[in-house]
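Residue 772 is where the sequence shown starts when you use this note's numbering, and the numbers rise one by one after that. C-beta: ideal position from N, C-alpha, C; glycine also. Note sheet for the following structure.
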Amino acid sequence: MDFLKNPTHFDFLGMRRKAFIASGILLAVAVVALILRGLAFGIDFTGGTLVELRYADSVQVEEIRDTLVQDGLDDATVQYFGTSRDIMVRMPVDTEASSAQLSNRITETLRAAIPETLADGVSGDVQQCISADDATPRDCQVQMLRVEFVGPQVGEELTERGGQAILWALAGILVYVTLRFQWRFAVASVIALVHDVLFTVGFFALFQLEFSLPVLAAFLAVIGYSLNDTIVVFDRIRENFRKMRKGNRVTIMNEAINQTLSRTILTSSTTLVVVLALLLVGGEVIRGFATALFVGILVGTYSSIFVASPAVLLLGITREDMIPDKKEGAEAEATT
C-alpha cells in the first residue's frame, strides 16, 4: 500500500488504446443484451399487483411458483423478501380482475396448498395468530402482509420521467463542466458518464435483474459519484498544465492521474465497503439499489482514469486552452 503514501508513475494514458478496446467490447455486449433481452422492468414501470406474504416456516420459491402455475397464474414472479419466510409475488396488470381479487386468489391458492397435517401442527407463532385474529391454522401459516397496485399509465409515466431525469442530469453536467473547465472536458465527462450508465444498464439486462425505481435512483447516484471522481482528476490536470513547464500533454496528464490515484482508490474502496454491506445483508428490498451502486462505482472509478482523461486527450486539449486570458489575470491582480 506504499502507493497510497508515495507518488506513483503509472503510464495510464499509454494504455488508453487497450482500455478503449476493452470498453468497446464490454459496451457492445451491453448493447446486444439490451436489444436481445431488454430490461426486466419492475412493477413500478410495468404496472401490476404486488403481494407480500409471510409463512410460519421457511419455504422454497420454486414450490410456490409451481403452485401458482397449477392454478393458472403463469405470469407470477415469486422471490424472497428479506427472509426465507417472507415472499413477494408480482403479477402484471389484469384487466379482468382487481388487485383485491388477485391478491385474495394468490393467498387462497397458497393456503390451500398447505397439507392438513402441517396446518394442524401449529407452532407458537401460529397459535398466537389464531388467538389474536380468530383465524384458522392455514390462515396463519400464510399471512398476507401488503397489497400494492400500480396502474399501467403510472408505470409509463415513471419510465418516461426516469429517462428524462437521466438526460437532464447529463445536460446539466455538460453545462457545468463547460463553465467550470473547458468544453473538451465537458464532452469527455459526458462520454465517461454515458459509458458508466450504458455498462450498468447492460449488466442489468444481461443478468435480467429487476429494474425498479430504487435502481433508477442508484443510476442517478452513480452519475454524481462518477462525475465527482472525474472532476477531481480534471482539476489536477488543469493545475498541472499551468504549473508544469516541461513535458508533453501525455506526461502532464499522466502526472495528474497519478497524483489523484490514492484519493481515488481510498474513496472508492471505502464506499464499496458500505455498498457491499448493503448488498449482502440489506435484504431483497434494496438489493437492486445496492447492485447498481456496486457496479456503477467500480465502472465509474475505471472510467475516470481510462475513459474521461484519454477522451480529453483525443479531443485535442493543449496547454494554451488551460492558460487564463490576460483580462482574467489582470482582474485577479487588481483584487490582490
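Check                                                                                                                                                       : Outcome
Measure from the alpha carbon of L916 to the alpha carbon of each residue in T878, V832, D845 and R808, then state which is nearest.                        : T878
Can you tell me which residues form a DSSP beta bridge with R861?                                                                                           : L821 and T848
Check whether the Cβ atoms of V1112 and L881 sit closer than 8 Å, and answer yes or no.                                                                     : Past the boundaries of the shown model lies residue 1112; the chain is included only from 772 to 1107, so the question cannot be answered.
Output the distance between the C-alpha atoms of T1038 and I814, rounded to the nearest integer angstrom.                                                   : 34 Å
Quick check on DSSP: helix, strand or coil for A868?                                                                                                        : coil
Do you know how far the Cα of S983 is from the Cα of D846?                                                                                                  : 18 Å
T848: which of T854, D842, M862 and N1029 sits nearest, CA to CA?                                                                                           : M862
Between which two residues does the alpha helix (DSSP H) carrying L1119 extend?                                                                             : A question about residue 1119 goes unanswered here, because the residues of the chain that appear run from 772 up to 1107.
Pull up the distance between the alpha-carbon of S754 and that of A936, whole angstroms please.                                                             : Outside the displayed range of the chain (772 to 1107) lies residue 754, so it cannot be described from this structure.
Inspect the CB distances between the region 804-824 and the region 1048-1055 and report whether three or more fall short of 8 Å.                            : no
Please report the distance separating the alpha-carbon of V1003 from that of K1017.                                                                         : 22 Å
Considering just the uninterrupted stretch of the beta strand (DSSP E) at F920, what are its terminal residues?                                             : V913 to V921
If you follow the alpha helix (DSSP H) that I962 is part of, which residue opens it and which one closes it?                                                : W954 to L977
Closer than 7 Å by C-beta to T1072: which residues in its own chain qualify, once you throw out the five before and the five after it? Chain order, please. : D1000, T1035 and S1039
Does the region 960-974 come close enough to the region 1060-1070 that 3 or more CB-CB pairs lie under 8 Å?                                                 : yes
Should L1085 be labelled buried (16 or more other beta-carbon atoms within 10 Å of its own) or exposed?                                                     : exposed
How would you label I835, buried or exposed, when you count the other beta carbons within 10 angstroms and need 16 or more for buried?                      : buried
Do you know whose CA, among T1031, L1064 and I1008, lies nearest Q953's CA?                                                                                 : I1008
Excluding sequence positions up to five away, which residues of its chain have a Cβ less than 8 Å from the Cβ of F852?                                      : E823, I858, M859, G1054, E1055 and V1056
Going by the CB atoms, is the gap between G933 and L987 shorter than 8 Å?                                                                                   : yes
Under the three-state reduction of DSSP, which class applies to A1167: helix, strand or coil?                                                               : For residue 1167 there is no data in the structure shown, the boundaries of the chain being 772 and 1107.
Would you call the CB atoms of L1064 and A959 closer than 8 Å?                                                                                              : no
Do the CB positions of A940 and S1075 come within less than 8 Å of each other?                                                                              : no
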